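Student: Structure incoming, see below.
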Ligand SMILES: *[C@@H]1O[C@H](CO)[C@@H](O)[C@H](O)[C@H]1NC(C)=O
Ligand SMILES: *[C@@H]1O[C@H](CO)[C@@H](O)[C@H](O)[C@H]1NC(C)=O
Ligand SMILES: *[C@@H]1O[C@H](CO)[C@@H](O)[C@H](O)[C@H]1NC(C)=O
Ligand SMILES: *[C@@H]1O[C@H](CO)[C@@H](O)[C@H](O)[C@H]1NC(C)=O
Ligand SMILES: [Cu+2]
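Residue numbers (mature numbering (1 follows the signal peptide of the UniProt record, and there is no 0)): -19 to -1, 1 to 741.
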């Protein structure tokens, strides 16, 4: 044995002893548990806060509305869960939001509480001219009236073919597809080892090429237990015409396999037998070569656990019903079953800053050499951004100690369903100081404030993708709205021609390019409802140097302009937006400047779709990075759930909102679109990561206050030279070693998110 080996052995031995000692010491150390005042919240149900006028329907209210409709519509209503296209059924319920003037009268002027009402959307399939009808039902909790508001809302009838596809219809289509597959047994055995291999379908949308169509390309994938099937295409895609209300009239309109189109599955089988089909055999995925799996390797013993933030003295925010307060902030929050998270009456101190802040739509526009991929323009609002907002996992989806809140919804069924723990709320250190300054000039001192913020979060799993929706409230009066994308990419079957539309990321997998684009409604009310839009930027002016006129300098100068027409306030996606865009008011701050809030957008979106596209109007909100319009009760949303299935004749076309209305000193709404181009690459396997895939916007005070309000934060740390920095009275950070010298009392890990699911 040489010297080197002896030394190495010695080091190893020492390391082992050291590790053992560590373990023993940690074991022996007495673990004390913090006694923290835990948050007492009543997460669902009506609180006596005034902002409960915005609260989502409770399960009880939903049941009342269902009962009322069954008793009073005068037709038989089938439970949507079982309803065929030719039946009548309730599609979904939502709270019917009060008219803003009534809400403000109640909130601000002591006027009467607006009646609590529901919106009920009913499919009338069981009549000679089927339609979709939207009803206003009230008052809750014991309804006595219902009104058909369809024409008032859309100006025309809602075509029955534009209705969203129900779970039952998807189930019926699946049954139809799998019956059709039996027409090509030899081919399927050869290409895909079917029926031994488990196949799954993926819907695309829109469903056709012109108004009235209801024909959907379904893409077939190998369904591997415990993994996302979306990245295991088998190469087969089927166009199903499901427009007929009679299921036995549904038909396969086209079949695509490996670059070729066929009349139907029987045709494919025949051509295959005639050796006219070039098939590519897809092997059955085994557990050990499942590249889609998110399962980690087993951890080595003694692998240390991840870090943890906790509140050493309890939570500093409170939740009653749907009302949240945190430091100077307060707001009401809810979840629309279709459009997703929504916030109301956001105030800082006593002043309202935002009346409504709500997600409107999430669009994904794909390119591919395969038909399913090339037609896909998912408008997730019609799939159910709120419906698919499932239970959050402690410590991963949100901090372990976050407060988790349940949501009830009713869609596709007569009974309310629960999305348990589907919102989380937490205060967190965002990881960089909100401010700090170390002074070694003038005098010696330090001042700083950690960036603690309150976050409201929900995550929607829309088929393959997961969108993380965040609303962040900072101590300086700023709000950040953010969306991150994660989850599985969608894919097409890889052939040599696919590379123009993405990257090959697996043996048979083309990660197909797409763009994500989200639209938000932001109804800011800065010091009242009457606001104007100010554009502020800079230019260079060339001037003679005053003290040396033979020289010139280029001097930056502020350019500003009130944008007084909707046309001027609509900024194309690919154009320039003034770097400072303000909602401003005639009120002035103490320095004589107009009190304002700034909209600052962080987005990497490109063109949404050329305007020559026959369906562009249905997503014409996507033309604009931001468009500011005069607020109107008749323009509550930038799109509708019917736009997805009839995008060629949309019921809501956002572009029509921009009609040269004067927008100075009016109640204004900003419609903001954020997004990014996603060209999937090898590292999107198994899933897309949130890192770098986040976009959003800030609402920031601009001369709204006389000084940054966070200067008053009790979390501030400030000391000068010569002070006893470790004194708890002087410096609250110094209290931590005492107050937090115990381990937090954590709730046990629990998850019930697989309960009561229908499907898969
Ligand atoms: C849709 O059907 C309902 C129920 O039959 C009916 O009351 C309503 O008038 C119809 N709407 C239109 C626009 O035809
Ligand atoms: C559906 O179509 C089939 C075949 O054309 C027909 O036999 C059946 O009666 C139809 N069903 C209804 C409810 O109209
Ligand atoms: C599942 O359904 C049962 C019965 O309706 C209900 O008690 C339970 O809370 C539900 N669980 C979840 C997680 O929704
Ligand atoms: C908008 O209205 C102004 C007058 O208020 C007019 O000069 C302008 O041409 C109009 N623009 C459009 C696009 O209609
Ligand atoms: Cu993506």
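We treat Cβ as the ideally placed atom computed from N, Cα and C, and that holds for glycine.
Given the structure is predicted, the values throughout are model-derived calculations rather than measurements.
1. Exposed or buried, what is residue 492 when buried is set at 16 or more other beta-carbons lying within 10 Å of its beta-carbon?
2. My output table needs one value for residue 351: the three-state DSSP class, helix, strand or coil.
3. Kindly identify the DSSP beta-bridge partner or partners of residue 364.
4. Using the DSSP secondary-structure output, state which residues sit across from residue 742 in a beta bridge.
5. How many whole angstroms separate the CB atoms of residue 131 and residue 139, which I take to be in contact at a CB cut-off of 8 Å?
6. Given this structure, state the Cα-to-Cα distance separating residue 627 from residue 633, to the nearest angstrom.
7. So, residue 474 versus residue 215, is the Cβ gap smaller than 8 Å?
8. Using the C-alpha atoms, what's the distance from residue 283 back to residue 499?
9. Put residue 20 into one of helix, strand or coil per three-state DSSP.
10. Is the beta carbon of residue 58 closer than 8 Å to that of residue 74?
11. By DSSP, does residue 625 sit in helix, in strand, or in coil?
12. Using the Cα positions of residue 351 and residue 407, report the straight-line distance between them to the nearest angstrom.
13. Does DSSP put residue 543 in a helix, a strand or coil?
14. Hey, residue 47 and residue 107: beta-carbon distance below 8 Å or not?
15. On the DSSP bridge assignment, give the partners of residue 70 in chain order.
16. Less than 7 Å separating the Cβ of residue 511 from some heavy atom of ligand 1?
17. Round the Cβ separation of residue 612 and residue 636 to the nearest angstrom and send it over; I've been treating them as touching at under 8 Å.
18. Any heavy atom of ligand 7 closer than 7 Å to the beta-carbon of residue 156?
19. Give a yes or no on contact between the segment 713 to 731 and the segment 362 to 371, applying the rule of three or more CB pairs nearer than 8 Å.
20. Please identify the residue among 239, 593 and 404 whose C-alpha is closest to the C-alpha of residue 302.
21. Once the 5 residues before and after residue 129 are set aside, which same chain residues still bring their CB inside 7 Å of it?
22. Taking a contact to mean a Cβ-Cβ separation below 8 Å, would you say residue 34 touches residue 124 in this structure?
23. For the beta strand (DSSP E) that contains residue 474, what are its first and last residues?
24. Does the beta carbon of residue 734 come closer than 8 Å to any beta carbon on chain B?
25. Find the nearest neighbour of residue 519 within the set 385, 540 and 66, judged by alpha-carbon distance.
26. CB residue 444 to CB residue 183, shorter than 8 Å?
27. Using the Cβ count rule (16 or more neighbours within 10 Å means buried), how would you classify residue 316?
28. Residue 378 to residue 401, Cα distance in whole Å?
29. What's the C-alpha gap between residue 53 and residue 625?
30. Starting from the C-beta of residue 66, find all residues in its chain whose C-beta is less than 6 Å away, skip the five residues before and the five after it, and write them out in chain order.
31. Compare the beta carbon distance of residue 677 and residue 655 with 8 Å and say whether it is the shorter of the two.
32. Could you have a look at residue 219 and say whether DSSP puts it in helix, strand or coil?
33. Run through DSSP, which three-state label would residue 213 get?
34. Which of the three DSSP states is assigned to residue 298 in this structure?
35. Tell me, please, whether the segment 341 to 355 touches the segment 282 to 300 by the rule of three or more beta-carbon pairs shorter than 8 Å.
36. Indicate, with yes or no, if ligand 1 has a heavy atom lying under 7 Å from the CB of residue 59.
Tutor: The structure says:
1. Under this definition residue 492 is a buried residue.
2. In the structure shown, residue 351 adopts coil according to DSSP, grouped into three states.
3. DSSP, once it has assigned bridges, lists no residue as partnering residue 364.
4. Lying before the first or after the last residue shown, residue 742 is absent from the chain, which here runs from -19 to 741.
5. Cβ atoms of residue 131 and residue 139 come within 8 Å of each other, at about 6 Å.
6. Their backbone Cα atoms lie some 11 Å apart in a straight line.
7. Going by beta carbons, residue 474 and residue 215 fall inside the 8 Å limit.
8. When rounded, the distance between both Cα atoms is 43 Å.
9. Because the pLDDT of residue 20 is 44, which lies under 50, any placement of that residue in the model is unreliable, and the question is left without a value.
10. Cβ distance not < 8 Å, so residue 74 and residue 58 don't count as in contact.
11. Residue 625 sits in coil when the DSSP states are folded into three classes, being neither helix nor strand.
12. Rounded to whole angstroms, residue 351 to residue 407 spans 43 Å at the Cα level.
13. Strand at residue 543.
14. Taking 8 Å as the Cβ cut-off, residue 47 and residue 107 do not qualify as a contacting pair.
15. DSSP, once it has assigned bridges, lists 59 and 104 as partnering residue 70.
16. No.
17. Contact flag wrong, Cβ pair sits at about 17 Å.
18. With respect to small molecules bound, the structure shown includes ligand 1, ligand 2, ligand 3, ligand 4 and ligand 5 and not ligand 7.
19. Contact between the segment 713 to 731 and the segment 362 to 371 is not established, with fewer than three Cβ pairs separated by less than 8 Å.
20. Measuring C-alpha to C-alpha distances from residue 302 to each of 239, 593 and 404 identifies 404 as the nearest.
21. Correct list, in chain order: 114 and 116.
22. Cβ atoms of residue 34 and residue 124: not closer than 8 Å.
23. If you look at residue 474, you'll find it in the beta strand (DSSP E) that goes 472 to 474.
24. The structure shown contains no chain B; it is built from a single protein chain.
25. Checking every option, the nearest Cα to that of residue 519 belongs to 540.
26. Yes. Within cutoff.
27. Buried is the call here.
28. Rounded to the nearest angstrom, the two C-alpha atoms are 14 Å apart.
29. Cα-Cα distance, rounded: 30 Å.
30. These residues qualify, in order along the chain: 106 and 226.
31. The criterion of a C-beta distance shorter than 8 Å is satisfied by residue 677 and residue 655.
32. For residue 219, the secondary structure class from DSSP, reduced to helix, strand or coil, is strand.
33. Of the three classes helix, strand and coil, the one that applies to residue 213 here is coil, per DSSP.
34. Assignment of residue 298 by DSSP, reduced to helix, strand and coil, places it in the strand class.
35. No, they do not touch.
36. Because no heavy atom of ligand 1 lies under 7 Å away, the Cβ of residue 59 does not count as near it: no.
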